[in-house]
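Here is the structure we will look at.
In UniProt numbering, the protein residues as written are 1 to 68.
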């Protein structure tokens with residue numbers, strides 16, 4: 001990754017090279033995570049998954065929920 005950043009600095013401005021390097025790192029990390037753990041990224045950021053983590057049952061009533 002450092003080599004890609006240095007090469008992009010030669011062709012682009014510092015800000016463009018930083019943004020390009022960040023995007024390349026983000027995409028390559030996502031692909032390596034999908035390959036290593038063998039699951040789709042959509043399953044991780046699915047809204048039902050977020051609700052499962054952010055909402056817990058309240059013990060004061062049976063059907064009410066409170067945010068953590």
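In this text, a Cβ means the ideal position worked out from N, Cα and C, and glycines have one as well.
Are there 16 or more other CB atoms within 10 angstroms of the CB of residue i, so buried, or fewer, so exposed?
i, result
"residue 7", "exposed"
"residue 21", "buried"
Using DSSP with H/G/I as helix, E/B as strand and the rest coil, what is residue i?
i, result
"residue 29", "helix"
"residue 13", "coil"
"residue 3", "helix"
With a threshold of 7 angstroms between beta carbons, is residue i in contact with chain B?
i, result
"residue 9", "Protein chain content of the structure displayed is limited to a single chain, and chain B is not contained in it."
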